[in-house]
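Under my numbering, the letters of the sequence shown match residues 29 to 283, in that order. For every residue, glycine included, the Cβ atom is placed at its ideal position computed from N, Cα and C. Every value quoted in this text rests on a predicted model; they were computed, and no experiment measured them. Notes to accompany the following structure.
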Amino acid sequence: MALQVHNLTVRYGGFTALDKLSLNLEQHTTLGLVGESGSGKSTLARVIAGLIAPDEGKILLGSQELRKKRSLYQHKQIQMIFQNPDASLNPKHSIRQILSEALLFHNIVSRSQVEKRCQELLALVQLEARSLDKYPHEFSGGQRQRIAIARSLSVEPSLLIADEPTSALDVSVQRSVLELFNTLKAELHLSLLFISHDLGVIHAISDTVAVMRQGKLVEKSSKDQFFIRPEHEYSRELLSAVPKMPKTSTTRRLL
Ligand SMILES: Nc1ncnc2c1ncn2[C@@H]1O[C@H](COP(=O)(O)OP(=O)(O)O)[C@@H](O)[C@H]1O
Ligand SMILES: [Mg+2]
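Written as structure tokens, this is what we have:
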């Protein structure tokens, strides 16, 4: 297993956002996490990434338990990509600075290798090497998301958590970024926790689908099972709520 969470509970004051949630993610697969707004998806992402501490429960990365105080190595193993790439891109820094910062901080490559590694990272996300001299505002939203992805990959994580990474993008751009995630997963042997409220996106990206509601896990099924024969009534409700689509052939209509 790439990741296991056991009985995770997170409370915000008196409100329980994650309620004894348990979930596994297999190595080198993509788990698509879906659920209505407020169901606790981002809270789960943040607690796995170590941005907030759980009130209860356990997180294992591989066979290692991640405790409240994580090592630098454990921090770099899990990288997060957000809906808004600007959150992780300093507007005053060139792309070269943005990509080399983490490389140097985590000693990923020696100083003399930084330039070469930055170019390789841009190639990975299918951007031109001359982009290194530019600044974030010179790129489109989709390109900025690619830069944020390159930055998260710079530290060679084993697990990527993407929280609605394509939700702010146009549909055509969205598709190309989803393809990039699929390519990267295969090439870099990543495990991916991919959060989206959009079932079309979940269909395009997932090997396995998990459904959350009110801080709990409702269902976890293979993609095919989820889209063809979901186990839980709530999953069927989600699927039937997909707008402007005929009742027949659930799988085809989401492509
Ligand atoms: N920092 C916070 N303080 C208080 N309540 C929060 C905080 N973050 C999230 N919540 C609440 O927790 C619930 C789950 O939020 P979130 O994890 O963001 O859900 P999702 O990503 O599925 O939309 C929501 O009801 C939200 O209002
Ligand atoms: Mg969210």
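Counting only runs that start and end inside the stretch 194-235, the alpha helix (DSSP H) elements of at least 4 residues fall at 199-216 and 227-233.
DSSP, reduced to helix, strand and coil, places Y163 outside both helices and strands of the structure shown, so it counts as coil. Residues of the same chain with a CB within less than 6 Å of the CB of R174, apart from the 5 flanking positions on each side, are V153 and L155 in chain order. A distance criterion of 7 Å places the beta-carbon of S263 beyond contact range of ligand 1, judged by its closest non-hydrogen atom. Short of 8 Å from the beta carbon of P119, and not among the five residues preceding or following it, lie these beta carbons of its own chain, in chain order: Y163, P164 and H165.
Contact between Q111 and E207 fails: their C-beta atoms lie close to 18 Å from each other, not under 8 Å.
Between the alpha carbons of S219 and S186 lies a distance of about 6 Å.
For L132, the three-state secondary structure derived from DSSP is helix. The Cβ atoms of Q102 and L89 lie closer than 8 Å to each other. Unbroken alpha helix (DSSP H) runs of no fewer than 4 residues, entirely contained in the stretch 76-145, are found at 100-105 and 123-133, following chain order.
By the C-beta criterion, the stretch 254-266 is judged to be in contact with the stretch 222-241, since at least 3 inter-stretch pairs fall below 8 Å. Where L31 is concerned, the enclosing beta strand (DSSP E) starts and stops at L31 to Y40. Boundaries of the alpha helix (DSSP H) harbouring L266: E261 to S268, taken from the DSSP string. For G228, the shortest C-beta to heavy atom distance toward ligand 1 is 7 Å or greater.
With a cut-off of 8 Å on Cβ pairs, the stretch 131-140 is not in contact with the stretch 207-217, counting fewer than three such pairs.
For E192, the distance from the CB to the nearest heavy atom of ligand 2 is below 7 Å. Counting along the chain, the unbroken alpha helix (DSSP H) around G170 starts and ends at G169 to S182.
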